[in-house]
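*Asks:* Below is a structure I'd like to ask you about.
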Amino acid sequence: MKHQDSIHTPAPETQGFAFAHTMLRVKNLDKSLEFYTGALGMSVVRLNDYDNGEFSLCFLTYLAPNEMVPEDEAEKRHWLATRQGVLELTHNWGTEKQSDFSYHTGNGETGGYGHIAISVPNFDAAIAWLDKNNIPFKKRPEDGRMRDIAFVYDPDGYWVEIIKQRND
Numbered sequence: 001m002k003h004q005d006s007i008h009t010p011a012p013e014t015q016g017f018a019f020a021h022t023m024l025r026v027k028n029l030d031k032s033l034e035f036y037t038g039a040l041g042m043s044v045v046r047l048n049d050y051d052n053g054e055f056s057l058c059f060l061t062y063l064a065p066n067e068m069v070p071e072d073e074a075e076k077r078h079w080l081a082t083r084q085g086v087l088e089l090t091h092n093w094g095t096e097k098q099s100d101f102s103y104h105t106g107n108g109e110t111g112g113y114g115h116i117a118i119s120v121p122n123f124d125a126a127i128a129w130l131d132k133n134n135i136p137f138k139k140r141p142e143d144g145r146m147r148d149i150a151f152v153y154d155p156d157g158y159w160v161e162i163i164k165q166r167n168d
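So that you can map any letter, position 125 of the sequence shown is 125 in UniProt numbering, and since no number is skipped, the others follow by simple counting.
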């Protein structure tokens, strides 16, 4: 089945639309932060605890060297809403204490959700770094035909694709 007929020029009314962020539910926020900040080098740019709802929202992204996050909350919300490549982690309190609790990653038997992807400037160095940090792989570069990608698992079992940055 060809999908060419489904592809069309975006409507002028959508000019300026941008993909802002994606959200993952996590069982243990501390373990997730260790993975995303420690192993993948992301920065926490906003963390809010909501006592009444017993949950936390944490926003992460990659910052350029010397890039500053606005301190004013209103400015920070605007900055986040206009930035691309943001990961939102939602933690419902207490799930970290439930040994049999897990979220559906979307990659089980029925499929669905797939993964997020992180581009890296030096693919081989990134793979060595992930190995050094004992990050579990779903697919190593040497597995299969596609040698220029890898997939690792985050603490909740979500797949994270590692790809080389394009230098066009």
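Just so it is clear, CB atoms sit at the ideal spot from N, CA and C, and this is done for glycine as well.
With 16 other CB atoms within 10 Å as the buried threshold, where does His91 fall?
*Replies:* buried
*Asks:* For Asn28, which residues in the same chain have their Cβ closer than 7 Å to its Cβ, ignoring the five residues on either side in sequence?
*Replies:* Glu96, Pro155
*Asks:* Just to confirm the assignment: which complete alpha helix (DSSP H) runs, minimum length 4, are found wholly within the UniProt domain "VOC" (18 to 165)?
*Replies:* 29 to 33, 73 to 81, 123 to 132
*Asks:* Could you check which residue in Leu130, Pro121, Asp143, Asn133 has the C-alpha nearest to that of Gln165?
*Replies:* Pro121
*Asks:* Is DSSP giving Thr14 helix, strand or coil here?
*Replies:* helix
*Asks:* Using C-beta distances below 8 Å, list every residue in its chain close to Gly38, excluding the 5 sequence neighbours before and after it, in chain order.
*Replies:* Asn133
*Asks:* Could you give the distance in angstroms between the alpha-carbon of Arg83 and the alpha-carbon of Ser56?
*Replies:* 21 Å
*Asks:* If I measure Cβ to Cβ from Gly85 and keep anything under 7 Å in the same chain, skipping five residues before and after, which residues do I get?
*Replies:* Thr61, Tyr62
*Asks:* Counting only the same chain and skipping the five closest in sequence on each side, list residues whose C-beta sits under 6 Å from that of Trp112.
*Replies:* The question names Trp, but residue 112 is Gly in the sequence shown. Counting only Cβ-Cβ distances below 6 Å, and skipping sequence neighbours, we find Gly106.
*Asks:* For Pro136, collect the residues of the same chain with a Cβ closer than 7 Å to its Cβ; drop the 5 residues on either side in sequence, then sort them by chain order.
*Replies:* Residues of the same chain with a CB within less than 7 Å of the CB of Pro136, apart from the 5 flanking positions on each side, are Val152, Tyr153 in chain order.
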